[in-house]
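Here the protein sequences line up with chains B and S, keeping their order. Numbers 77 to 491, taken from my numbering, label the letters of the first sequence in order. Numbers 7 to 239, taken from my numbering, label the letters of the second sequence in order. Note that CB positions come from ideal geometry on N, CA and C, so glycine has one too. Just so it is clear, the structure is predicted and the values come from calculations on it, not from any experiment. Here the structure is laid out as structure tokens; the discussion comes afterwards.
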Amino acid sequence: MFDLERWQEIFDTIRKNKLRTFLTGLSVASGIFILVILLGFGQGMQNGIAKEFEQDAATSVWVWPGVTTIEYKGMNPGRPIQLRNENYEFAAVLLEDQIENKSPRLFVRNSFVNYGNESLAYNVQGVSHQFQFIENEFISQGRFLNQQDEDTKAKVAIISNKINREVFKELESPVGEFLDISGISFKIVGVYGDIGGEREEDRIYIPISTAQQVFNGADKLNNLSYTLPPAEDFEAAVAQSIKFKNDLKSYLQKAHTVAPDDTSAIQIYNPMEEAKRFYSLMGGIKFFFWFVGVCTIIAGIVGVSNIMLIVVKERTREIGIRKALGAKPWSIVGMILHEAIFITAIAGFSGLILSMGLLEIVGPHVEVDYILNPSVNFNVALTTVFVLIFAGAIAGFFPAWRAAKIHVIEALRDE
Amino acid sequence: MIQIKDLHKSYKMGKNSLHVLKGINFNVEEGELVAIMGSSGSGKSTLLNILGMLDELDEGSYTLDGVPIKNLNETKAAQYRNKFLGFVFQSFNLINYKSAAENVALPLYYQKVPRKERQEKALKYLAQVGLKEWANHLPSELSGGQKQRVAIARAMAAEPKVLLADEPTGALDSTTSYEVMDLIQKINDQGNTILIVTHEPDIADMCKRIVHLKDGVIIEDKKIEQVRAAKYV
């Protein structure tokens with residue numbers, strides 16, 4: 077391997093057979109190139125999907141009522157379901173050990189929001205203090221709602237970074253300012269941001285108790301939301317969230333006299349379940365990418381061994397001459413293998429560098445839904461190259477061995 | 007230099023066995039220039055292959071420079087070939103992508119001679135065959151006679167004990183043939199042992215001894231008065 081003479085001999089051969097070398101190299105390099113790009117996009121899809129699920133806490137569960145569609149216990153279908161405080165409170169007690177954070181939600185409809193003389197168009201929602209963790213909000217200034225706000229039905233409001241920028245840009249801080257919501261003054265106590273981005277920052281949060289009392293909500297709720305405690309692993313988290321969903325659903329169905337198979341009266345959205353579906357789809361896609369990639373590599377290896385066979389055939393006479401001049405069998409095997417490994421290695425690494433470079437340069441600029449920053453694990457790619465080199469060596473060995481066994485007389489026979 | 011006793015060789019052709027050499031006995035002394043003659047099928051090429059360790063004998067014994075040549079594995083045979091023998095072929099058998107000098111240096115590569123020394127030696131032997139100026143030319147740029155001279159230089163470069171030439175003039179016109187024979191005679195004059203297989207009587211006459219093969223046996227083995235090729239050149 078480190079025999080300088082052998083290297084010189086090989087470089088001579090390569091220099092004088094440029095096309096053959098180039099074609100061999102091309103098949104190997106393209107194999108690696110395609111594999112790395114495929115793996116990169118597999119990773120990109122995974123990143124993209126993970127990003128989609130980042131907007132809300134991953135273990136969150138969302139409940140909203142609808143209209144019954146099935147007759148049940150003498151009740152006609154078409155009956156709208158109204159969630160109430162007692163549902164929220166009872167569920168909280170019933171499923172206490174399964175819940176990490178919980179919040180009811182009331183949409184304050186037909187509200188007018190004013191700041192000074194300015195009329196603003198944002199949603200007002202009554203939520204609990206734990207809603208911060210369910211929606212994945214972070215606090216930029218001041219604070220979020222707290223238990224005391226709820227208990228005292230405080231007239232406080234939390235605005236978003238977006239609202240802050242759009243309305244309060246002249247102020248150093250909006251905290252302490254007063255908003256007029258349908259004629260009632262609310263003091264701004266905090267500014268939040270949403271990980272999901274600006275489209276989730278159109279809301280003004282006020283305490284749920286205040287919302288119900290001030291805006292004639294009575295004990296009505298529009299929405300329930302929860303997060304579940306972290307689980308050991310993904311599978312456990314999925315199992316836990318499905319169990320919680322079923323428990324909650326059966327309680328709410330009983331409380332509102334809804335048929336157990338009525339899917340539209342009580343709807344529960346469980347991102348975990350969706351995530352599982354996406355992740356298994358992801359797994360399938362990744363497997364497919366690997367499969368295609370490996371097939372490409374196999375095609376590359378077959379290409380190499382094919383070319384090696386032709387090389388041996390083409391060089392039969394030369395090998396015969398070399399043997400007549402005193403080349404030992406292993407020196408023939410070594411020469412052909414050495415060349416094969418050298419070409420495969422160079423081509424493999426060029427394919428690797430080229431594809432990694434492409435991913436590195438183009439990857440961060442890919443802006444397609446569900447594909448984010450395609451990249452590939454360098455070690456995986458490197459291993460692939462070595463596997464390919466090894467396979468190339470194996471593929472080259474048999475033709476080389478055959479070459480070493482060439483009968484000199486037959487090789488030199490005049491055609 | 008070469009002792010052959012009771013050599014037999016047969017080839018299997020399907021069910022039939024073809025007995026090619028049927029008991030050959032002959033010795034070659036150092037410095038001889040021997041022509042092996044015979045019509046095609048007489049077994050002269052088979053004899054040369056066995057002498058060249060490219061084929062194995064069935065029966066009998068073969069001793070080369072005191073070394074018994076018997077049951078060699080491929081590696082050993084390769085070693086002996088490299089050390090003892092130089093080959094010249096009818097169709098030259100130069101490696102077509104290597105220059106004349108590289109071709110001549112090739113047996114030295116297998117002797118593990120360092121590159122620099124290889125190149126020097128190659129040039130020296132090319133100079134001996136009068137092709138020093140052609141050292142960097144590819145075989146395709148040389149004439150037939152030049153190619154054969156390169157092949158002879160290559161065979162000599164390894165400094166073998168015996169030079170084996172299989173129809174060295176078979177692919178050349180008569181003028182060129184005589185030039186090549188002139189070269190071979192000069193190499194022989196320096197004391198090298200040379201065996202030439204040929205079926206051309208005028209070439210055989212330029213050797214010092216003629217061995218006549220027919221149907222696998224030697225029918226005639228005589229020393230002759232050498233005709234110098236130089237006077238035809």
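Integer-rounded CB distance, given that residue j should sit under 8 Å from residue i
{"i": "B/I419", "j": "B/G107", "result": "Contact flag wrong, Cβ pair sits at about 13 Å."}
{"i": "B/A233", "j": "B/F262", "result": "4 Å"}
{"i": "S/H14", "j": "S/E65", "result": "4 Å"}
{"i": "S/L57", "j": "S/L201", "result": "7 Å"}
{"i": "B/I408", "j": "B/A479", "result": "6 Å"}
{"i": "B/W138", "j": "B/S340", "result": "Their Cβ separation, rounded to whole angstroms, is 15 Å, which puts B/W138 and B/S340 out of contact at 8 Å."}
{"i": "S/L54", "j": "S/D172", "result": "6 Å"}
{"i": "B/V251", "j": "B/G266", "result": "7 Å"}
{"i": "B/F117", "j": "B/P440", "result": "About 14 Å; that fails the 8 Å criterion."}
{"i": "B/S216", "j": "B/G269", "result": "5 Å"}
CB contact below 8 Å: residue i versus chain B
{"i": "S/S84", "result": "For clarity, residue 84 of chain S is Ala in the given sequence; the question names Ser instead. For S/A84, the answer is yes, since a Cβ of chain B falls inside 8 Å of its Cβ."}
{"i": "S/D64", "result": "no"}
{"i": "S/P145", "result": "no"}
{"i": "S/L112", "result": "yes"}
{"i": "S/R155", "result": "no"}
{"i": "S/L129", "result": "no"}
{"i": "S/F32", "result": "no"}
{"i": "S/N194", "result": "no"}
{"i": "S/K87", "result": "Just to set this straight, residue 87 of chain S is Arg in the shown sequence, not Lys. For S/R87, the answer is yes, since a Cβ of chain B falls inside 8 Å of its Cβ."}
{"i": "S/D188", "result": "no"}
{"i": "S/I101", "result": "yes"}
{"i": "S/Y68", "result": "no"}
Test: residue i CB closer than 8 Å to a CB of chain S
{"i": "B/V387", "result": "no"}
{"i": "B/A403", "result": "yes"}
{"i": "B/M77", "result": "Residue placement at B/M77 is poorly supported in this model, since its pLDDT is 47, which falls under 50; the coordinates are not used for a value here."}
{"i": "B/I86", "result": "no"}
{"i": "B/A99", "result": "In the sequence under discussion, the amino acid at residue 99 of chain B is Leu, which differs from the Ala named in the question. Output row for B/L99: interface = no."}
{"i": "B/A400", "result": "yes"}
{"i": "B/I383", "result": "no"}
{"i": "B/L488", "result": "yes"}
{"i": "B/E394", "result": "yes"}
{"i": "B/V409", "result": "no"}
{"i": "B/E81", "result": "yes"}
{"i": "B/I373", "result": "no"}
Same chain, Cβ closer than 6 Å to residue i, five either side skipped, listed in chain order
{"i": "S/Y184", "result": "A235, Y238, V239"}
{"i": "B/G379", "result": "S103"}
{"i": "S/K28", "result": "G222, V223"}
{"i": "B/S204", "result": "S179, I284"}
{"i": "B/F291", "result": "V184"}
{"i": "B/F254", "result": "S261, K263"}
{"i": "B/F214", "result": "G269"}
{"i": "B/L159", "result": "P141, L297"}
{"i": "B/M77", "result": "Note that B/M77 scores 47 on pLDDT, short of 50, meaning its location in the model is unreliable and no value can be drawn from it."}
{"i": "S/T175", "result": "S183, V186, I209"}
{"i": "S/K21", "result": "none"}
Other residues of its chain near residue i: CB distance less than 7 Å, five sequence neighbours each side excluded
{"i": "B/I465", "result": "I417, T420, A421, G424"}
{"i": "S/P113", "result": "N88, R160, A163, A164"}
{"i": "S/P166", "result": "F90, L91, G92"}
{"i": "S/A16", "result": "Strictly speaking, residue 16 of chain S in this sequence is Ser, with Ala absent from that position. S23, L24, H25, V26, D64."}
{"i": "B/F176", "result": "Checking the sequence shown, residue 176 of chain B turns out to be Glu, not Phe. Counting only Cβ-Cβ distances below 7 Å, and skipping sequence neighbours, we find T303, L304, P305."}
{"i": "B/V461", "result": "I108, G424, F425, L428"}
{"i": "S/D188", "result": "A235, A236, V239"}
{"i": "B/L448", "result": "G120, N123, G124, K127"}
{"i": "S/K138", "result": "L129, L132"}
{"i": "B/Y198", "result": "V189, I239, D278, R279, I280"}
Same chain, Cβ closer than 8 Å to residue i, five either side skipped, listed in chain order
{"i": "B/P475", "result": "S381, M384, L385, V387, V388, I412"}
{"i": "B/M432", "result": "V112, V452, F454, A457"}
{"i": "B/Q174", "result": "L304, P305, Q316, K319, F320, D323"}
{"i": "S/S48", "result": "L219, K220, D221, G222"}
Closer than 7 Å: residue i CB and nearest the ligand FAD heavy atom
{"i": "B/V388", "result": "Inclusion of the ligand FAD in the displayed structure is not the case, the ligand content being empty and no account of it being possible."}
**Every unbroken beta strand (DSSP E) inside the region 101 to 146 of chain B [3 residues or more]** = 136 to 141
**Request:** Using a Cβ-Cβ cut-off of less than 7 Å, give me the residues of the region 72 to 83 of chain S that come near chain B, in sequence order.
**Result:** E80, T81
**Inside the region 288 to 360 of chain B only - beta strand (DSSP E) runs reaching at least 3 residues** = 299 to 303, 342 to 345
**Asked** Taking only runs of the beta strand (DSSP E) that begin and end inside the region 25 to 103 of chain S, which ones reach a length of at least 3 residues, in chain order?
**Response** 39 to 43, 65 to 70, 91 to 94
**Prompt:** Can you give, in chain order, each stretch of the alpha helix (DSSP H) that sits fully within the region 373 to 446 of chain B and has at least 4 residues?
**Reply:** 392 to 400, 405 to 438
**Message:** Under 8 Å, CB to CB, which of the residues in the region 88 to 121 of chain B have a partner in chain S?
**Reply:** D88, T89, K92, N93
**Request:** Output, in sequence order along the chain, the residues in the region 415 to 448 of chain B whose CB is closer than 9 Å to any CB in chain S.
**Result:** none
**Prompt:** Hey, which unbroken runs of the beta strand (DSSP E) at 3 residues or more fall wholly within the region 233 to 288 of chain B?
**Reply:** 254 to 257, 260 to 270, 279 to 283
**Item:** Near-chain B residues of the region 49 to 61 of chain S (beta-carbon distance less than 9 Å), N- to C-terminal order
**Value:** S51, N55, G58, L60, D61
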